[in-house]
Amino acid sequence: MAGGLQDWKQHKRPFAAIAGAPLFWLLLFFLIPMAIVWLYSFGENAGPADIAISGTLENYKRATEWLYLSIFLKSLAVAALVTLICLIIGFPVAMAITFASAKWRPWLLLGIMLPFWTNLLIRTYALMMLMGTNGYANKGLGALWEGASWLRTLVGMQPLEAWTPVQLLYNNFAVVLGLVYVHLPFMVLPLYAALDRLDKSLIEASLDLGAGHLRTLMKIVVPLAGPGILAGVMITLIPALGAYLTPDLMGGTESQMIANVIERQFKRANDWPFGAALSFLLIYAMFVLIALQSMRRDKGREAH
Amino acid sequence: MSDPQPIIQIRNVSKRFGKVTAVDNVNLDIMAGEFFVLLGPSGCGKTTLLRMIAGFELPTEGQIIIDGVDVSDVPPNKRPVNMVFQSYAVFPHMSVADNVAYGLKIRGVGRGEREERVREALELVKLGGFEDRMPDQMSGGQRQRVALARSLVMRPKVLLLDEPLSALDAKLRAQMQFELSDLQDQVGITFVTVTHDQDEALSMASRIAVINKGEVAQLAGPSDLYEFPANRFVADFVGSVNIFEGKLTLDEPDKAAVDCPGIGKVYLNHGVTGPHGADVWVALRPEKIYLHVPGEGKAVRAAAQDAPDGHNFARGVIKGMSYLGDITLYEIKLDSGEMIRVSRPNLSRHDQEDFTWDDRVSMHWRADSPVVLLS
Chain A
1 MAGGLQDWKQ HKRPFAAIAG APLFWLLLFF LIPMAIVWLY SFGENAGPAD
51 IAISGTLENY KRATEWLYLS IFLKSLAVAA LVTLICLIIG FPVAMAITFA
101 SAKWRPWLLL GIMLPFWTNL LIRTYALMML MGTNGYANKG LGALWEGASW
151 LRTLVGMQPL EAWTPVQLLY NNFAVVLGLV YVHLPFMVLP LYAALDRLDK
201 SLIEASLDLG AGHLRTLMKI VVPLAGPGIL AGVMITLIPA LGAYLTPDLM
251 GGTESQMIAN VIERQFKRAN DWPFGAALSF LLIYAMFVLI ALQSMRRDKG
301 REAH
Chain B
1001 MSDPQPIIQI RNVSKRFGKV TAVDNVNLDI MAGEFFVLLG PSGCGKTTLL
1051 RMIAGFELPT EGQIIIDGVD VSDVPPNKRP VNMVFQSYAV FPHMSVADNV
1101 AYGLKIRGVG RGEREERVRE ALELVKLGGF EDRMPDQMSG GQRQRVALAR
1151 SLVMRPKVLL LDEPLSALDA KLRAQMQFEL SDLQDQVGIT FVTVTHDQDE
1201 ALSMASRIAV INKGEVAQLA GPSDLYEFPA NRFVADFVGS VNIFEGKLTL
1251 DEPDKAAVDC PGIGKVYLNH GVTGPHGADV WVALRPEKIY LHVPGEGKAV
1301 RAAAQDAPDG HNFARGVIKG MSYLGDITLY EIKLDSGEMI RVSRPNLSRH
1351 DQEDFTWDDR VSMHWRADSP VVLLS
């Protein structure tokens, strides 16, 4: 690795030639549009299609009003909950893949990545069909209910009243479930990468010294997989915080997230400067998260 | 070694992974206080055997008894043995002291005693004062000492070492061979080591089990293993050897003779108790063959007078030479067409010129040098 970096430092011109094109691409199609939106956030509507960049802070002032701040905080809470659930489900899954036999591992990894081959919109609709009042989830629950009812009649008890389908869609529960479904691979893959790198003899050494499996997990596996856990958390938390499609399709009126509010400003409300300010508030928050992560990482490095 | 009771008894142990048999019906008794070495080529099952003693693999068949207790189904964290891993497996996120204290904490040893024992263990492996170091600030040799201290501090009944010296450079390896032997003397714990390196095994072990294809090929002390190999595999794996096929023509209590097409008539001053006329193999170590200028050999041999005329004698042409400093190794093409390796100590600083490529030479060996192998 160090040798490679030395090469880059010594041979600046070939490096610049290779790096130039993607850098130019990022500059033209990413940084410049971002800069334009950033400038809009300091502007005001001058006509139906005109924005005057006046340097006003009015948009930010409005964006931090409780109405919007509460949606922002709620989005953060939902994203954090989604990340936590992904971690709780994803860690054992990543462990299982790591310890699976060499024959099975590629197939299990493929299984994790398979959803990426299907469009997010189609996956979301499929999930909605599953969770609808006439979906398989409700049908399964209904069958269980009727089975229980039949068992009651067998032992001479009154049958249960008829099954009424549960409302699984268009609420906060649906949003969290949908987001967990979409973001789980983002959590599993970095966790798997971290656990796979772990020298298995460290686990054996811990067992050899008398530790049980739980202690080995908490004292050896989790601390050593720490950077991978943090990476998985960030990679899940950031897109979950900016999620738009899932709350839009699966959420109800009370499960709006910040991205849905931003979308409304750009489209129906036609208030681009305010939408830009809301967007950048989200981006600033993510900057803070990433800065915190890198600070932690540097601290971890110093400790060694 | 005062206790004749075996500390480890391996009883009819087999281990199969799917269709592959890694360990095949092994029986071994390891005595308390021994420095026991499992020696064999890679993939012979020696590491699997060690891991079964540690508890990381369970035998498919058979029993493992440690200190009188059948531990065949006991998990590794409940066995009175500790292991030093090939990769050392020092916990990278803990200081040296925390690494060594890890097992004691689990066992519930109080803080004061724990610190004392950690200090003692580190002194023992010559790492006193390294308590607060992190593993990534240490060399490979030092990390291995941490792994040793971490296991020894548990005062196990048996210490298992998996290829303990394989990752060290040659100088350090030689030094650690002596240190491990010393350490074992000091602590009096039974050591069981796995290695593929015959020098390592010969220099450290009190007894060696040579493992081939999952079976014990021979169990013996270092010099017995070298001088009295039981079969061709052991003769060839431990040290360097010339092996010739032949027929047993004479076999009496005090003498034996083998007629080898490759090297002529071989005479031994002891019996071999093999069936008369049977196909056997003669093993002759390179350092046990004397090299002469033709003509000179006859006089030397006459002085030795330990073999009848026409026995233990061969002629050939030097086809290859390796000067190794202390010895020179000659590759000689015998008149029969077969090759033989002969080593010769460089006694004088001007000796090396005596023999050279394409020289015709004669060879002889003593009647107590060859070994007759029946398998």
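Chains as they are written, first to last, in the working numbering: chain A, 1 to 304; chain B, 1001 to 1375.
Ideal placement from N, C-alpha and C gives every residue a C-beta, glycine not left out.
Problem - Backbone secondary structure at Gln158/A - three-state DSSP - result: coil
Exercise for the section: Alpha carbon to alpha carbon, how far is Leu195/A from Leu141/A? Give it in angstroms, no decimals. Expected result: 37 Å
Exercise for the section: Pull up the distance between the alpha-carbon of Met1001/B and that of Thr1190/B, whole angstroms please. Expected result: Any reading at Met1001/B is ruled out, since the residue's pLDDT is 45, under 50, leaving its predicted position unreliable.
Practice task
Take Gly55/A and list the residues in its own chain whose beta-carbon comes closer than 6 Å to its own, dropping the five residues that flank it on each side.
Solution key: Phe42
Handout entry: Leu1124/B versus Gln1186/B, Gly1068/B and Ile1030/B, residue with shortest Cα-Cα distance
Key = Gln1186/B
Practice task
Please decide whether Ala162/A counts as near chain B, where near means a Cβ-Cβ distance under 8 Å.
Solution key: no
Exercise for the section: Show which residues of chain B have a CB atom less than 8 Å away from the CB atom of Ile306/A. Expected result: With chain A covering only 1 through 304, there is no way to say anything about residue 306/A.
Exercise for the section: Specify whether the stretch 1028-1040 of chain B and the stretch 1094-1109 of chain B touch according to this definition: at least 3 beta carbon pairs, one from each stretch, less than 8 Å apart. Expected result: no
Problem - CA-to-CA distance, Met1083/B to Phe1017/B, given in whole angstroms - result: 22 Å
Problem - Of the listed residues Ile258/A, Met113/A and Ile235/A, nearest to Leu67/A (C-alpha basis) - result: Ile258/A
Practice task
Determine the DSSP secondary structure at Arg1143/B, reduced to helix, strand or coil.
Solution key: helix
Problem - chain A contact for Ile1064/B (CB, 8 Å cutoff) - result: no
Practice task
Would you please verify whether the beta carbon of Ala1149/B is less than 8 Å from any beta carbon of chain A?
Solution key: no
Practice task
Answer with buried or exposed for Gln1175/B, where buried requires no fewer than 16 other C-beta atoms within 10 angstroms of its C-beta.
Solution key: exposed
Practice task
Would you check if the distance between the CB atom of Phe1313/B and the CB atom of His1350/B is smaller than 8 Å?
Solution key: no
Practice task
May I have the straight-line CA-CA distance separating Ala1283/B from Ser1343/B, to the nearest angstrom?
Solution key: 15 Å
Exercise for the section: List the whole-angstrom C-beta distance separating Leu1374/B from Gly1274/B, where the pair is believed to meet the contact cut-off of C-beta under 8 Å. Expected result: 5 Å
Practice task
May I ask you to verify whether the stretch 57-65 of chain A touches the stretch 232-247 of chain A, counting CB pairs closer than 8 Å and requiring at least 3?
Solution key: no
Practice task
Please work out which residues of its chain come closer than 6 Å, Cβ to Cβ, to Val330/A, disregarding the five sequence neighbours upstream and downstream, and give them in chain order.
Solution key: Outside the shown range of chain A (1 to 304) lies residue 330/A, about which nothing can therefore be said.
Problem - Selection from Pro165/A, Thr216/A and Phe287/A that minimises the alpha carbon distance to Lys200/A - result: Thr216/A
Problem - Leu1088/B - DSSP class collapsed to helix/strand/coil - result: Note that residue 1088/B is Tyr in the sequence shown, not Leu. Correct three-state label for Tyr1088/B: coil.
Handout entry: Chain-ordered neighbours of Ala1054/B on chain A, where CB pairs are closer than 7 Å
Key = Asp208
Practice task
Using beta-carbon positions only, say whether Phe1056/B and Glu204/A come within less than 8 Å of one another.
Solution key: yes
Handout entry: Short Cβ contact (8 Å threshold) for Pro1286/B with Ser1336/B
Key = no
Practice task
Output, in chain order, the set of chain B residues within a Cβ distance shorter than 7 Å of Ser201/A.
Solution key: Phe1085, Ser1087 and Ala1089
Exercise for the section: Rounded to whole angstroms, what's the CA-CA distance from Val1210/B to Glu1061/B? Just pull it up for me. Expected result: 21 Å
Exercise for the section: Determine, using beta-carbon pairs with one atom in the stretch 283-302 of chain A and one in the stretch 223-239 of chain A, whether at least three such pairs fall under 8 Å. Expected result: yes
Practice task
Check the Cβ-Cβ distances between Asp298/A and every residue of chain B, and say whether any is below 8 Å.
Solution key: no
Problem - Chain-order list of residues whose beta-carbon lies under 8 Å from that of His304/A (same chain, five-residue window excluded) - result: Residue placement at His304/A is poorly supported in this model, since its pLDDT is 47, which falls under 50; the coordinates are not used for a value here.
Problem - Interface residues of chain B facing Gly43/A [CB-CB closer than 8 Å] - result: Near Gly43/A there are no residues of chain B at all, since even the closest Cβ is about 50 Å away, more than 8 Å.
Handout entry: Contact under 8 Å by Cβ, Lys1015/B with Thr1048/B
Key = yes
Exercise for the section: Taking the CB atoms as reference points, tell me whether Tyr1226/B and Val1216/B lie closer together than 8 Å. Expected result: no
Practice task
Flag Leu308/A as yes if its beta-carbon sits less than 8 Å from any beta-carbon of chain B, otherwise no.
Solution key: Residue 308/A lies beyond the residue range present for chain A, which begins at 1 and ends at 304; the question has no answer from this structure.
Exercise for the section: Work out the CA separation of Arg1360/B and Gly1295/B for me, nearest whole Å. Expected result: 11 Å
Practice task
Can you tell me which of the three DSSP states Glu146/A falls into?
Solution key: helix
Problem - Against chain A: residues of the stretch 1310-1338 of chain B by CB proximity under 7 Å - result: none
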